[in-house]
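Just below is one structure, and these are the notes that go with it.
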Amino acid sequence: MMILWAVLGYLLGSVPFGVLISRAMGLGDLRKIGSGNIGATNVLRTGNKPAALATLLLDGGKGAAAVLLARAFGADDLAVQAAGVAAFFGHCFPVWLGFKGGKGVATFLGLMLALAWPVGLLCCASWLAGAYLSRVSSVGALVASASAPVWLLLTGRVELIVSALLLGALVWWRHSANIARLRAGTEPKIGQK
């Protein structure tokens, strides 16, 4: 059953909402705009805030949906986590886009909210704090993903720490170019085209 939930989670995560929304709203091919990323931050670079918000919510929603569907159908804890982790992989490596996807931050936050909502809220607050203080989305992403294992430990949800560490490592790896730009002082600010 765990493999089935992982496959379903991956397929859910693979839906490229940023690309679909940008195309539907006449914004062009998102992969040829700004950073070329398919996530909400790059949609925001088009100047269309409603499209960026829709992308953020839907990308987070697919991570949450993978977890909640598995749980609703009685999957055990490992299968539920597998569904969520697979949704994250689906977003980052979507089969429909030649395995070239986003960085997974919204999907990560959505699945953390579904796995353990207090921890998810703390991760969202960490993202907001990092992004607000730096005015850089990638800083928020790095802070949120790095803080997740700490929040899980402090709230007693230690059974989720391995998944959080894996996802956090992937978020940081997917942001390696952003980290290089942060070091060079060239990382774009939020809302900058």
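Position 18, counted from 1, in the sequence shown is what my numbering calls 748; the numbers after and before it change by one each time, with no gaps.
Built from N, CA and C at the ideal position, the CB exists for glycine as well.
The model shown is predicted, which means the values in this text are computed figures rather than measured ones.
Looking at the backbone, the Cα of L896 and that of A796 are separated by about 17 Å.
The alpha carbon of S893 has as its nearest neighbour, out of L827, V773 and A812, the alpha carbon of A812.
DSSP, reduced to helix, strand and coil, places V866 outside both helices and strands of the structure shown, so it counts as coil. Nearest in C-alpha terms to W857, of all of H821, S867 and G764, is S867.
Each residue's CA atom was taken as its position, placing G743 and S906 some 21 Å apart. In the three-state reduction of the DSSP assignment, M755 falls in the coil class.
The beta-carbon distance between F818 and L798, rounded to whole angstroms, is 15 Å. This is too long to meet the 8 Å contact definition.
The residues Q811, L845, A846, V849 and L882, in chain order, have a CB closer than 8 Å to that of L890 in the same chain once the five nearest residues on each side in sequence are set aside. Leaving aside the five residues that flank V835 on each side, the residues in its chain whose CB is nearer than 6 Å to its CB run, in chain order, A871. The three-state secondary structure of G898, taken from DSSP, is helix. In the three-state reduction of the DSSP assignment, N767 falls in the coil class, being assigned neither a helical nor a strand state. Our two residues, A859 and L851, have alpha carbons roughly 12 Å apart in a direct line. Distance from the Cα of L788 is smallest, within the candidate group S877, A861, L884 and F838, for F838.
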